[in-house]
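Residue numbers (the numbering used here), protein chains in the order written: chain A, 32 to 208; chain B, 13 to 469.
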C-alpha cells in the first residue's frame, strides 16, 4: 500500500502554480506552498507527507524535511483540533499578554506547545503577528486550517470567552476581526 | 488642511469597499499604471530618483539607487515585493495589504515597467492569512481586467504577478533570506555582495522592495518626483506610515510628515500616555532599533536625523566606551521599519529588553555561530537579570555578548539583537544593576511570578 498521497486539490494547485516559475525551478519553489496545502488537509506534516511531496516535486526527502522543520507554521506532530496562538512579543507583552497566556496555560492545564488532555486545544506562544496596536492578540486554526481573523484586545474576560467556545467545539468568529 | 491631513497611501484605510477594483478605479486608481505602460523606463526611474523615495522596510536605502544597480544589459529581471512584515511593533504594511491591495498592485506595475520586469512576486508573511485572501481576490480582479498578464492595458508589455506565502520565519524579511525562501528552501540569508540587484532570485538581477515603498509610486508618477521630495525633509522624500503601539491612548497606523518628532507622535498624534502617566522609552522603528529615552524625543523621526542628531546618546559597550558600528562610526538610533513602541514609566525595562532578545534568539536562522549561540546565551542572561536571579557581572556580560555578536554575522539579525541590548543598557543601566543587586540580597535564584521558561537557565 502506498503511504499518504497528495490530493487532487493539491495536484490542481501544483498545475496552476507551476508555470509561474522559470523552467527547472518550479519543483523546488513549490515546496513551501505544497507543504502548507498538505498541512491544511492532514493537520500536520509527517515523514509520509514529506516523502509524497519530495516524490511529486522531484526533490530529496532531506530537502523537504529541512524546509518543513525550518518554518514555524509547519506542525510536525498532531495538534489539538484547535490551535490557539498567543502573541507575547513586546507590543502585546506591554499590554498584559503574559497574563493572558498564563491564564490559557492554567485553564488548559498545559505548558507552551502543549495540548489539552481532551485533545481539543493546542496552545502556542508566538512571535509578533503585526497587529501590535490592539494587543494582546491571538490567532486560531482548526485542524490545520487557519481562521483568517485576528482576536485582539484580549483581556481575562475575552480569553475566557474564546476558551469557552473552543471547549464547546467552535471558533468564536464573533470575537474576531 | 493641516500638515497631518495630507495622505498618499492611507486615504482609504478603514473603507471596506476600497479593496474592490471598481471603487479603486473610481477614485482614480490604475491611471498611473496605465500611463507608466506608455512611458520610457528611464523616464519613470528619473521621477523616482527626483522623489528622494527611500525604502520603507527598515534600511531607508534610496529606491532609485537600488534600482540603478540592475545591470543595463540584464535579460531577465525579477521584482519581489517584501510583504513579510514581522518586525515587532510594526503593522503598517498589513494595513496597505488589507485596505488597499490595488494601490500596491499599481506600484508593482509601475516598478515592473521601469525595470523591465516580466515576473513579479509578492512574498507575504504566512501568518497573514486574512490579508492573503484579500490580496488574492484583488489580484484575480486585476487579472480579469487585463491589468496583469501578457498584454497589460493593451500595451504589449507582459507582467505577471504571483503571490507566495511564507510559513512563519522572521528572517525571511531579510531580502536575501526571502529569496532563499521564495526559491523553495530554508530562509537562509546570503552573503552580500553580490547584492540581489545583480544576482538575486535564481541568480538573476532582482529588486526587492517593501510594500509601502511601492505603494508610493502611483502618487510620485501623478504629481512628479519633485512634489514628493518637497513633501519630505532633507534627503528623504514623501510622508511615512508609522505604526504606534504600547502605552498610548490612541494606537494605530498614521501617515505623517517626516518632520514629526517622537514627542509630537506620542502627545499629539497618539493622545499621550494611558492613565496620564509619563513616557519612559520609545522604540522608533521596530525592536531592532535602539530605544529613545524621554529626553531624546525632540528629534524628528526622519532617517538621517535619528542616526546623526547629537541629542540622541551614542550606545555604549560599557560606561564611557562607545560601541563601534564599524569604521569608527557610532550608533544613536535609526528610523527602521516605522514600528513605534511606547513604554510608560511603570514598564520594567529589564523585562522589555529580555523579551526583545528572546525574540531574536527564537528567530535566529542558525547559520552564523555568533548569532545562533550568542542570542540564546544573551537571552538566558537577560532573563535571569529581568526575573530576579541575576548574578554579579551579568550586566557587563550582556553587553559583552552583544558586542561579540554585532558585525560578525552574514545578515543584520545579529546586529538587531545586539543594538537594542546595548541601548537599553546604556540608557537604563541603573535599573539592570538594581535588579542584580536585589537578587544578590534576596538570594533569589528561582524564576519570578512573571517567569517564563526559556530552555536551560
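For glycine and all other residues, C-beta sits at the position ideal for the given N, C-alpha and C.
Cα atoms of residue 217 of chain B and residue 237 of chain B: separation of roughly 25 Å, rounded to the nearest angstrom. If one requires a minimum length of 4 residues, the alpha helix (DSSP H) runs lying completely within the stretch 36–85 of chain A are 39–48, 57–60, 62–73, in chain order. Contact annotation, residue 229 of chain B with residue 327 of chain B: C-beta distance approximately 35 Å; criterion of less than 8 Å not satisfied. Contact between the stretch 388–398 of chain B and the stretch 365–379 of chain B is present, with at least three C-beta pairs closer than 8 Å. In this structure, DSSP gives residue 114 of chain A an extended state, which the three-state scheme calls strand. Residue pairing from DSSP places residue 136 of chain B in a beta bridge opposite B:95, B:177.
Between the stretch 298–309 of chain B and the stretch 45–60 of chain B, the count of Cβ pairs shorter than 8 Å is below three; the stretches do not touch. Along the stretch 364–394 of chain B, the positions whose C-beta sits under 7 Å from a C-beta of chain A are 364, 367, 368, 371, 374, 375, read in chain order. Contact check for residue 290 of chain B against residue 359 of chain B fails: the beta carbons are separated by 8 Å or more. Separation of residue 274 of chain B and residue 449 of chain B (C-alpha to C-alpha, rounded to the nearest whole angstrom) is 33 Å. Residue pairing by DSSP puts residue 74 of chain B in a beta bridge opposite B:66. Across the structure, residue 135 of chain B and residue 173 of chain B are spaced so that their CA atoms are roughly 11 Å apart.
For residue 423 of chain B, no Cβ of chain A is located within less than 8 Å of the residue's own Cβ.
Here residue 40 of chain A is exposed, its C-beta having fewer than 16 other C-beta atoms within 10 Å. Measuring C-alpha to C-alpha distances from residue 22 of chain B to each of B:65, B:441, B:223 identifies B:223 as the nearest. Under the 8 Å criterion on CB atoms, residue 252 of chain B is classed as non-interfacial with respect to chain A. When the alpha-carbon of residue 188 of chain A is set against those of A:149, A:208, A:131, the nearest one is in A:131. In its chain, beyond the 5 residues on either side, 56, 121, 122, 125, 126, 233 have a beta carbon closer than 8 Å to the beta carbon of residue 48 of chain B. It is roughly 21 Å from the alpha-carbon of residue 58 of chain A to the alpha-carbon of residue 104 of chain A. About 7 Å separates the beta carbon of residue 356 of chain B from that of residue 286 of chain B, a gap short enough to meet the 8 Å contact definition. Per DSSP, the continuous beta strand (DSSP E) segment holding residue 268 of chain B begins and ends at 264–269. Taking a beta-carbon distance threshold of 8 Å, residue 327 of chain B does not count as an interface residue toward chain A. Shown here, residue 417 of chain B sits in a helix according to DSSP, grouped into three states.
The Cβ atoms of residue 394 of chain B and residue 431 of chain B do not sit closer than 8 Å to each other.
By the beta-carbon neighbour count (other beta carbons within 10 angstroms, threshold 16), residue 399 of chain B is buried. Residue 408 of chain B sits exposed, since fewer than 16 C-beta atoms from the chains shown fall within 10 Å of its C-beta.
For residue 379 of chain B, there is no enclosing alpha helix (DSSP H), as DSSP marks it with neither H nor E.
In the structure shown, residue 172 of chain B falls within a strand segment according to DSSP collapsed to helix, strand and coil. In the structure shown, the three-state DSSP call for residue 105 of chain A is coil. As DSSP reads the structure, residue 169 of chain A sits in a beta bridge with A:117, A:182. At a cut-off of 8 Å, the C-beta of residue 140 of chain A has no neighbouring C-beta in chain B. Its chain contains 227 as the residues whose beta carbon lies nearer than 6 Å to that of residue 115 of chain B, once the 5 sequence neighbours on both sides are disregarded; these appear in chain order. The closest CA to that of residue 169 of chain B, considering only B:160, B:316, B:64, B:61, is found on B:160. Here residue 123 of chain A carries a helix assignment [DSSP, helix/strand/coil]. For residue 59 of chain A, the chain B residues whose C-beta falls within less than 8 Å of its own C-beta are 195, 196, 197, listed in chain order. In terms of Cβ geometry, residue 85 of chain A and residue 95 of chain A form a close pair [threshold 8 Å].
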